[in-house]
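Number of protein chains: 2
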Amino acid sequence: MVYYDITQEQLIQMVTEAVLLEIKKAGSNVVPTGISVRHIHLTREHVDYFFGRNYQLTPRKQLSQPGQFACEETLDLIGRKGSIKKVRILGPERNKSQVEVSITDARMLGIEAVLRSSGDVEGTPGITLRGPEGLLVLNEGVIVADRHIHMTSADARRFGVKDGQRVRVQVEGQKPGIMDGVVIRVSDRYRLDFHVDTDDGNAFMLSQGQLVTILK
Amino acid sequence: MVYYDITQEQLIQMVTEAVLLEIKKAGSNVVPTGISVRHIHLTREHVDYFFGRNYQLTPRKQLSQPGQFACEETLDLIGRKGSIKKVRILGPERNKSQVEVSITDARMLGIEAVLRSSGDVEGTPGITLRGPEGLLVLNEGVIVADRHIHMTSADARRFGVKDGQRVRVQVEGQKPGIMDGVVIRVSDRYRLDFHVDTDDGNAFMLSQGQLVTILK
Chain A
149 MVYYDITQEQ LIQMVTEAVL LEIKKAGSNV VPTGISVRHI HLTREHVDYF
199 FGRNYQLTPR KQLSQPGQFA CEETLDLIGR KGSIKKVRIL GPERNKSQVE
249 VSITDARMLG IEAVLRSSGD VEGTPGITLR GPEGLLVLNE GVIVADRHIH
299 MTSADARRFG VKDGQRVRVQ VEGQKPGIMD GVVIRVSDRY RLDFHVDTDD
349 GNAFMLSQGQ LVTILK
Chain B
149 MVYYDITQEQ LIQMVTEAVL LEIKKAGSNV VPTGISVRHI HLTREHVDYF
199 FGRNYQLTPR KQLSQPGQFA CEETLDLIGR KGSIKKVRIL GPERNKSQVE
249 VSITDARMLG IEAVLRSSGD VEGTPGITLR GPEGLLVLNE GVIVADRHIH
299 MTSADARRFG VKDGQRVRVQ VEGQKPGIMD GVVIRVSDRY RLDFHVDTDD
349 GNAFMLSQGQ LVTILK
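Just so you know, the protein sequences line up as chains A and B, in that order.
Counting the first sequence from 1 gives a position; the working numbering is that position plus 148.
Counting the second sequence from 1 gives a position; the working numbering is that position plus 148.
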């Protein structure tokens, strides 16, 4: 048996690419699912605040979207009613800090659940972040991410959909059904992936990478 | 202004009955939603074990199904990975003890999520319960309750469905969609109610009592 010197990450990448290639061949409307657990995006300024000036976040795992990565670093979320420890930071830095939680998390924290697309944080609830050496109060930035599908413009042509369009997605399995109002997000920097949070994932008993169908 | 001497519970009961009456009048396929938070059903023997011989559970709130009530008494759930404190016991006693959790809860506890109808606990995972004065290891009994609609035989005739049939339920709102595979449960002891757990409730952003539609 021959062992090649590749990392588990490279292997996952290769398998993912192979699956995506098969999906495209089939000419079907299927899309792999990515379930997002609660996480934090920080500005450069807030990385400095928590970890020191010019600190570089430590990549732990590449995510499905090119250039995005989960970091070794975590922070605690502190709400009025409860707190959640060790919530992972995702890199790279963004121009606004943002905390993405499920509605289940929001209730546990005692924070209003506001459904938004990533980046659209104006007027959303705030939260307190606790790092290894300090607290930071965000005045806004807590969102429940609206279900969405990342795709390239080539994917969009193939599916016959446009950026910003809302579609229905069919899920099979033990808890089957249809998620409606799923936003299409098109950019050639994206890779095809249906992003839901853990509430959606658990309600539909989805597993990471499970194939679902865009309904026309 | 005249104040009548009724409890909040009686008021809720009256409003519920009035809503159900309106629903029936309309001749439509709408059903009110009841979201079940994690809870525990105990046998008479296990009530004795935790609280003392012939102890009577203390009703705190009547539930939508006639004769069912949430109790003042709670127990802690202890799993391999985590524990959940103060989980409410529902009365009256049953002939098998059963713990109903969401998939989110099951993950937090480190227990396999097994989808079952209430009462069907054979071969399901076990759990440790912690009471005020002791621990009890259940060898089985942890289920994720399958989505279902309680109704009377008159409701079933009106909707044109049968006991055990699976239907689709349409949800409107900010996170709309369709739950498929929803089990119809018919008994003249029931009252019309669509029962989901907190994962379904949060994924579809449902509120307690929200009206949903049975699709034919």
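Beta carbons: idealized from backbone N, C-alpha and C, even for Gly.
Give me, in chain order, the residues of the same chain whose beta-carbon lies closer than 6 angstroms to that of residue i; leave out the 5 immediate sequence neighbours on both sides.
i: residue 242/B; result: 189
i: residue 207/A; result: 217
i: residue 198/B; result: 279
i: residue 234/A; result: 222
i: residue 186/A; result: 235, 249 and 253
i: residue 247/A; result: 188, 275, 289 and 290
i: residue 220/B; result: 206 and 208
i: residue 232/B; result: 225
Taking the alpha-carbon of residue i as reference, which of the options has the nearest alpha-carbon?
i: residue 307/A; options: 332/A, 200/A, 319/A and 295/A; result: 332/A
i: residue 202/A; options: 168/A, 191/A, 237/A and 279/A; result: 191/A
i: residue 182/A; options: 342/A, 346/A, 348/A and 353/A; result: 342/A
i: residue 162/A; options: 212/A, 184/A and 199/A; result: 212/A
i: residue 249/A; options: 229/A, 225/A, 240/A and 285/A; result: 225/A
i: residue 180/B; options: 336/B, 337/B and 320/B; result: 320/B
i: residue 252/A; options: 362/B, 348/B and 357/B; result: 348/B
i: residue 295/B; options: 305/B, 222/B, 316/B and 155/B; result: 316/B
i: residue 205/B; options: 236/B, 364/B and 340/B; result: 236/B
i: residue 336/A; options: 214/A, 256/A, 176/A and 187/A; result: 214/A
i: residue 200/B; options: 268/B, 281/B and 267/B; result: 281/B
i: residue 363/B; options: 256/B, 176/B, 229/B and 164/B; result: 176/B
i: residue 229/B; options: 256/B, 220/B and 247/B; result: 256/B
Please classify residue i as buried or exposed, where buried requires at least 16 other C-beta atoms within 10 Å of its C-beta.
i: residue 273/A; result: buried
i: residue 156/B; result: exposed
i: residue 286/A; result: buried
i: residue 149/B; result: In this prediction, residue 149/B has a pLDDT of 48, which is less than 50 and means its spatial position is unreliable; nothing more can be read from the coordinates.
i: residue 345/B; result: buried
i: residue 258/A; result: exposed
i: residue 358/B; result: buried
i: residue 227/B; result: buried
i: residue 254/B; result: buried
i: residue 351/B; result: buried
i: residue 269/A; result: buried
i: residue 239/A; result: buried
i: residue 159/B; result: exposed
i: residue 169/A; result: exposed
i: residue 297/B; result: buried
Apart from the five residues just before and just after residue i, which ones in its own chain have a Cβ nearer than 7 angstroms to its Cβ?
i: residue 194/A; result: 245 and 284
i: residue 302/B; result: none
i: residue 167/B; result: 180
i: residue 339/A; result: 212, 213, 214 and 298
i: residue 153/B; result: none
i: residue 271/A; result: 288
Using a Cβ-Cβ cut-off of 8 angstroms (strictly less than) and excluding sequence neighbours within five positions of residue i, which residues of its own chain qualify?
i: residue 356/A; result: 181, 182 and 183
i: residue 304/A; result: 310, 311, 332 and 334
i: residue 276/B; result: 225, 226, 227, 283, 284, 285 and 286
i: residue 354/A; result: 181, 183, 319, 321, 344, 348 and 360
i: residue 313/A; result: 331 and 332
i: residue 209/A; result: 157, 217 and 218
i: residue 196/B; result: 202 and 203
i: residue 300/A; result: 334, 335, 336, 338, 339 and 340
Please indicate yes or no: does the CB of residue i lie closer than 7 angstroms to some heavy atom of the ligand SAH?
i: residue 200/A; result: Ligands are entirely absent from the displayed structure, and the ligand SAH is therefore not among its contents.
Three CB pairs or more closer than 8 angstroms across the region 322 to 340 of chain B and the region 313 to 329 of chain A: They touch, by the three-pair rule.
contact_flag[the region 258 to 271 of chain A, the region 284 to 303 of chain A] where n(CB pairs < 8 angstroms) is 3 or more: Taking one beta carbon from each stretch, the region 258 to 271 of chain A and the region 284 to 303 of chain A have 3 or more pairs nearer than 8 angstroms; the two touch.
Interface residues of the region 242 to 253 of chain A facing chain B [CB-CB below 7 angstroms]: Hits within the stretch, in order: 250, 251 and 252.
Selection of the region 158 to 190 of chain A by Cβ proximity to chain B, strictly under 9 angstroms: Within the region 158 to 190 of chain A, no residue has a Cβ that lies closer than 9 angstroms to any Cβ of chain B.
Chain-ordered residues of the region 302 to 317 of chain B with a beta carbon less than 8 angstroms from chain A: Residues 316.
Positions along the region 334 to 355 of chain A whose CB lies within less than 9 angstroms of some CB in chain B: From the region 334 to 355 of chain A, only 344, 345, 346, 347, 348, 349, 350, 351, 352 and 353 have a Cβ closer than 9 angstroms to chain B.
Chain B contacts from the region 198 to 214 of chain A (Cβ-Cβ distance under 8 angstroms): Answer set for the region 198 to 214 of chain A: empty.
Chain-ordered residues of the region 250 to 274 of chain B with a beta carbon less than 7 angstroms from chain A: Answer in chain order: 250, 251, 252 and 263.
Near-chain B residues of the region 225 to 240 of chain A - C-beta to any C-beta below 9 angstroms: With the criterion set as a beta carbon lying under 9 angstroms from some beta carbon of chain B, the region 225 to 240 of chain A has no members that meet it.
Short-range partners of chain B found in the region 322 to 334 of chain A, where Cβ spacing is below 8 angstroms: Close to chain B, meaning a Cβ-Cβ distance shorter than 8 angstroms, are the following residues of the region 322 to 334 of chain A: 322, 323, 324, 325, 326, 327, 328 and 329.
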